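Trainee: Below is the structure I would like to discuss, written out as structure tokens.
Residue numbers (the UniProt record's numbering): 1 to 747.
Written out as structure tokens, the structure reads:
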């Protein structure tokens with residue numbers, strides 16, 4: 001019993017597997033339901049648009065049994081790691097596109113003379129036999145997959161788009177072949193033995209054309225993944241046993257020393273062990289200014305080395321790198337389902353049986369009530385209903401929009417983990433912002449250095465201050481050292497350095513004692529603070545800045561103001577969110593004075609200070625109880641609980657791994673302006689989904705009655721099966737094309 005309990009506590013594994021053989025939305029529903037029925041599978045989401053299954057299963061689940069179950073219903077679940085890579089999937093897609101392109105060209109070439117004879121020369125001698133000969137390869141070779149897949153589905157009591165195509169074209173062909181071989185059957189009964197070879201061939205040609213255009217359009221929706229994949233080099237130069245060798249990127253292991261020359265991309269996550277250079281890290285930070293890297297500094301896959309040469313030690317390779325995690329996150333998001341898709345899947349799953357039922361009813365109505373040519377009209381109505389009702393457009397409506405939307409977000413540094421977050425973001429009514437690292441930069445910086453000594457003495461004293469701070473262990477000392485170093489201040493030698501606990505530091509320089517620390521340190525050592533300098537210090541404190549005092553020879557000689565400075569874009573970002581109608585709140589563990597100062601600078605009315613991690617979570621719950629749809633933005637471990645509780649958790653890209661793991665959206669650029677972009681992207685994506693669903697539904701609502709012959713009694717119009725095939729293909733392509741418009745969306 002203990003062992004079983006232990007097994008249950010193991011976390012479930014989530015993996016994405018390519019699916020081969022799907023031809024419509026109903027196929028995706030069949031595969032999904034079969035996967036969910038297998039032992040060990042906790043959830044499965046099949047995406048028809050990118051032909052993948054996102055499966056969550058328990059450790060120990062036999063994946064080969066899952067594969068066999070899917071193969072039994074006519075599809076294939078690809079398990080081999082090399083087959084599941086993006087490159088392998090792209091190669092399969094390209095091969096599939098080439099294959100269907102060849103089929104389409106040949107089917108079109110053979111269908112054209114059949115259509116010409118059938119429409120203009122149907123009384124010509126041996127015309128029916130010529131059409132029969134040309135139709136055979138179209139139906140039984142170029143269109144054979146429709147019949148094979150329909151048979152596999154039927155064996156398991158299922159039906160999909162292939163069922164519709166196989167039934168309609170198969171019946172048209174068999175009826176026409178019967179009338180060609182044995183025309184006397186109808187002639188003896190006073191009926192014209194019509195043939196519909198052109199319907200069978202042209203329908204298959206149109207459907208193949210539609211699928212070809214659909215495949216080409218769908219391949220463009222994964223452009224974001226391709227761009228991300230392109231950031232990693234294929235090979236790298238490494239030092240092994242003192243020798244420089246070139247390795248494929250897959251052969252690099254942790255601990256390898258890699259050589260990075262000017263202009264090359266960093267191939268792995270690692271650390272510089274030799275050399276110095278500037279790296280373009282814009283793909284991670286969004287900042288255009290190259291970052292200096294020297295020994296000990298961390299580097300990331302996909303960033304670009306500028307002019308210097310580097311030796312780096314590999315710390316994370318393959319799937320462990322930051323870039324690989326980003327790619328995985330985007331792929332899983334593109335394969336996930338929005339809540340609206342669940343309804344669509346249910347409709348698609350029952351749609352095909354309903355359509356077959358309508359087709360049978362149409363046939364029966366025409367046969368018994370059609371009068372003259374009742375058999376011909378009944379057959380035409382049956383075939384046309386089956387053709388026009390293909391649910392492809394319905395199945396593509398949501399996933400294509402989600403794929404393009406997630407990809408568009410990734411291109412703008414907005415990583416969206418799942419489709420539900422993308423759909424929910426446009427409903428947000430409140431945004432809660434952590435202060436440190438979110439509104440502010442998250443690290444202290446010197447904002448002012450004010451001197452109370454003549455200018456000619458300032459340079460020397462600045463060198464003394466740098467020397468003091470270089471030896472200090474205080475967290476603020478680094479900010480002062482960094483500021484002085486950036487201003488090209490040179491350090492000097494000090495004597496008798498000492499740290500005064502809770503106060504600051506002191507040392508001697510050229511026989512004089514220099515003090516550096518807080519105001520108490522100055523007071524305890526009799527260092528006088530002039531009235532105007534004291535007034536300035538109070539003003540800086542009111543601005544929520546930490547003031548460090550420097551003194552010597554009985555007086556304070558300098559004030560250093562340090563603050564966690566506000567990001568340049570924060571105020572504008574908050575204004576943008578308010579313009580979108582959102583209530584914006586700030587939470588911070590800082591004191592009320594600091595919180596009020598920051599809130600005033602960025603234009604915030606609602607803020608709460610001195611909050612603990614649990615308080616942040618409680619604040620999120622309170623807003624939700626009031627009916628708000630809440631987005632939480634944070635970057636630290638202390639934000640993780642609130643991020644998880646929020647309707648949409650948004651992590652800053654430079655935050656902790658835990659924050660990014662819990663959050664549903666990650667902003668790689670750590671720029672709050674990306675939140676408004678994410679909301680605008682969500683609104684545009686949901687709007688596109690609704691447009692797609694409207695056209696997919698309205699198409700079938702109008703098309704099926706027309707195909708059944710509803711307009712015939714009034715206007716004498718009966719839809720031709722060939723036109724139905726063309727309309728069906730056009731509907732799928734139009735839905736994908738509408739989704740692709742998101743690629744040009746200005747965020």
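Using N, Cα and C, we set each Cβ at its ideal position, and we do this for glycine too.
Here the structure is a predicted model, which means the values were calculated and not measured.
Tell me whether residue 605 is buried or exposed, calling it buried when 16 or more other Cβ atoms sit within 10 Å of its Cβ.
Mentor: As a working note, residue 605 is residue 605 in the chain shown. The residue in question, residue 605, is exposed, as its Cβ has fewer than 16 Cβ neighbours within 10 Å.
Trainee: By a C-beta neighbour count over all protein chains shown, 10 Å radius and 16 as the cutoff for buried, is residue 376 buried or exposed?
Mentor: Residue mapping note: residue 376 aligns to position 376 of the chain shown, counting from 1. Its Cβ being crowded by 16 or more others within 10 Å, residue 376 is buried.
Trainee: Quick check: the Cα distance between residue 399 and residue 739, rounded to an integer number of angstroms?
Mentor: The count along the chain shown starts at 1 and reaches residue 399 at position 399. The count along the chain shown starts at 1 and reaches residue 739 at position 739. The straight-line gap from Cα to Cα measures roughly 9 Å.
Trainee: In whole angstroms, give me the CA-to-CA distance for residue 16 and residue 61.
Mentor: Along the chain shown, one-based indexing puts residue 16 at 16. Along the chain shown, one-based indexing puts residue 61 at 61. Distance between the alpha carbons of residue 16 and residue 61: 15 Å.
Trainee: Helix, strand or coil: which one does DSSP assign to residue 241?
Mentor: By one-based count along the chain shown, residue 241 stands at place 241. The answer is coil: DSSP assigns residue 241 none of H, G, I, E or B.
Trainee: So for residue 403, helix, strand or coil by DSSP?
Mentor: Here residue 403 refers to the residue found at position 403 of the chain shown. In this structure, residue 403 counts as helix in the three-state DSSP scheme.
Trainee: Quick check on the burial criterion: 16 or more other C-beta atoms within 10 angstroms. Buried or exposed for residue 153?
Mentor: Counting from one through the chain shown, the residue named residue 153 turns up at place 153. The residue in question, residue 153, is buried, as its Cβ has 16 or more Cβ neighbours within 10 Å.
Trainee: So, with DSSP's three-state summary, where would you put residue 79?
Mentor: As a working mapping, residue 79 is identified with position 79 in the chain shown. Residue state, collapsed to three classes: coil.
Trainee: Starting from residue 14, follow its DSSP beta bridges and name the residues at the other end.
Mentor: By one-based count along the chain shown, residue 14 stands at place 14. Note: residue 14 sits in a beta bridge opposite 56.
Trainee: Could you check where the beta strand (DSSP E) with residue 590 kicks off and where it finishes?
Mentor: Within the chain shown, numbered from 1, the residue matching residue 590 stands at position 590. Neither: residue 590 is in no beta strand (DSSP E) and is coded neither H nor E.
Trainee: Are residue 479 and residue 524 touching if we call contact CB-CB under 8 Å?
Mentor: Within the chain shown, residue 479 is the residue found at index 479, counting from 1. Within the chain shown, residue 524 is the residue found at index 524, counting from 1. Their beta carbons are not under 8 Å apart, which means residue 479 does not touch residue 524 by this criterion.
Trainee: Less than 8 Å between the C-beta atoms of residue 19 and residue 31, yes or no?
Mentor: Looking up residue 19 in the chain shown gives position 19. Looking up residue 31 in the chain shown gives position 31. Going by C-beta atoms, residue 19 is nearer than 8 Å to residue 31.
Trainee: I need the straight-line Cα distance from residue 416 to residue 406, nearest angstrom please.
Mentor: Here residue 416 corresponds to residue number 416 of the chain shown, with the count starting at 1. Here residue 406 corresponds to residue number 406 of the chain shown, with the count starting at 1. The alpha-carbon atoms of residue 416 and residue 406 are separated by roughly 6 Å.
Trainee: Considering only C-alpha positions, which residue in the set 357, 269, 281 and 351 is nearest to residue 319?
Mentor: The residue given as residue 319 occupies position 319 in the chain shown. Nearest of 357, 269, 281 and 351 to residue 319, Cα basis: 269.
Trainee: Are the CB atoms of residue 639 and residue 418 within a distance shorter than 8 Å?
Mentor: Your numbering for residue 418 matches position 418 in the chain shown. Your numbering for residue 639 matches position 639 in the chain shown. No, the pair does not count as a contact, with Cβ atoms beyond the cut-off.
Trainee: Let's see if you can read the secondary structure: which residues bound the beta strand (DSSP E) around residue 451?
Mentor: The residue given as residue 451 occupies position 451 in the chain shown. It spans 440-451 - the beta strand (DSSP E) in which residue 451 sits, taken as one unbroken run.
Trainee: Looking only at its chain, what residues have a beta carbon closer than 6 Å to the beta carbon of residue 563, apart from the 5 residues adjacent to it on each side?
Mentor: As a first step, residue 563 must be located in the chain shown, where it is residue number 563. Taken in chain order, the residues that qualify are 447 and 545.
Trainee: In three-state DSSP terms, what is residue 750?
Mentor: The question about residue 750 has no answer here: the residues shown for the chain are numbered 1 through 747.
Trainee: In three-state DSSP terms, what is residue 490?
Mentor: Against the chain shown, residue 490 aligns to sequence position 490. In the structure shown, residue 490 sits in coil (DSSP, three-state: anything other than H, G, I, E or B).
Trainee: Under three-state DSSP, which class holds residue 39?
Mentor: As a first step, residue 39 is located in the chain shown; it is residue number 39 there, counting from the start. Coil at residue 39, not helix or strand.
Trainee: Taking residue 573 and residue 540 to be in contact with their CB atoms under 8 Å, please state how far apart those CB atoms are, rounded to whole angstroms.
Mentor: As a first step, residue 573 must be located in the chain shown, where it is residue number 573. As a first step, residue 540 must be located in the chain shown, where it is residue number 540. With a Cβ gap of about 26 Å, residue 573 and residue 540 do not count as contacting.
Trainee: Is the beta carbon of residue 38 sitting closer than 8 Å to the one on residue 65?
Mentor: The residue you call residue 38 lines up with position 38 of the chain shown. The residue you call residue 65 lines up with position 65 of the chain shown. For residue 38 and residue 65, yes; Cβs fall inside 8 Å.
Trainee: From which residue to which residue does the beta strand (DSSP E) around residue 606 run?
Mentor: Taking the chain shown and counting its residues from 1, one reaches residue 606 at position 606. Segment 606-608, the beta strand (DSSP E) holding residue 606.
Trainee: Can you tell me whether residue 248 is helix, strand or coil according to DSSP?
Mentor: Locating residue 248 in the chain shown gives position 248, where the first residue counts as 1. Three-state DSSP puts residue 248 in a strand.
Trainee: Residue 743 to residue 413, Cα distance in whole Å?
Mentor: As a first step, residue 743 is located in the chain shown; it is residue number 743 there, counting from the start. As a first step, residue 413 is located in the chain shown; it is residue number 413 there, counting from the start. Approximately 14 Å between the Cα atoms of the pair.
Trainee: What would DSSP say about residue 195, mapped onto helix, strand or coil?
Mentor: Here residue 195 is taken as the residue at index 195 of the chain shown, counted from 1. Correct three-state label for residue 195: coil.
Trainee: When the distance is taken between beta carbons, is residue 142 closer than 8 Å to residue 204?
Mentor: Here residue 204 corresponds to residue number 204 of the chain shown, with the count starting at 1. Here residue 142 corresponds to residue number 142 of the chain shown, with the count starting at 1. Yes, they are a contact pair.
Trainee: Please list, in chain order, all residues of the same chain as residue 680 whose beta carbon is under 6 Å from its beta carbon, the five residues on each side excluded.
Mentor: For this step, residue 680 is matched to residue 680 along the chain shown. Here the set comprises 747.
Trainee: Less than 7 Å between C-beta atoms, sequence neighbours within five positions excluded: which residues of the same chain meet that for residue 11?
Mentor: In the chain shown, the residue the question calls residue 11 occupies position 11. The answer is none, since no qualifying residue turns up.
Trainee: Would you identify the three-state DSSP class for residue 288, choosing helix, strand or coil?
Mentor: Your numbering for residue 288 matches position 288 in the chain shown. Confidence is the limiting factor: at residue 288 the pLDDT is only 45, short of 50, which leaves the residue's position unreliable, though a coordinate-based value still follows. Reduced to three states, the DSSP call for residue 288 is coil.
Trainee: Given this structure, state the Cα-to-Cα distance separating residue 730 from residue 736, to the nearest angstrom.
Mentor: For the purposes of this step, residue 730 is taken as the residue at position 730 of the chain shown. For the purposes of this step, residue 736 is taken as the residue at position 736 of the chain shown. Their Cα atoms are separated by approximately 10 Å.
Trainee: How about residue 477 and residue 469: do their beta carbons lie closer than 8 Å?
Mentor: As a first step, residue 477 is located in the chain shown; it is residue number 477 there, counting from the start. As a first step, residue 469 is located in the chain shown; it is residue number 469 there, counting from the start. Yes, the pair counts as a contact, with Cβ atoms nearer than the cut-off.
Trainee: Report the three-state DSSP secondary structure of residue 632 (helix, strand or coil).
Mentor: Reading the chain shown from its first residue, position 632 is the one you call residue 632. It is a strand residue.
Trainee: Skipping 5 residues on each side, what residues in its chain have a beta carbon closer than 8 Å to that of residue 556?
Mentor: On the chain shown, residue 556 is found 556 positions in, with the first residue counted as 1. Correct list, in chain order: 452, 522, 527, 528, 529, 530, 533, 549 and 550.
Trainee: Let me make sure I understand the geometry here. Which of 34, 644, 513 and 98 has the alpha-carbon closest to that of residue 76?
Mentor: Residue numbering aside, residue 76 sits at position 76 when the chain shown is read from its first letter. Nearest option by C-alpha distance: 34.
Trainee: Determine the burial state of residue 496: buried for a count of at least 16 other Cβ atoms within 10 Å of its Cβ, exposed for fewer.
Mentor: The count along the chain shown starts at 1 and reaches residue 496 at position 496. So residue 496 ends up on the exposed side.
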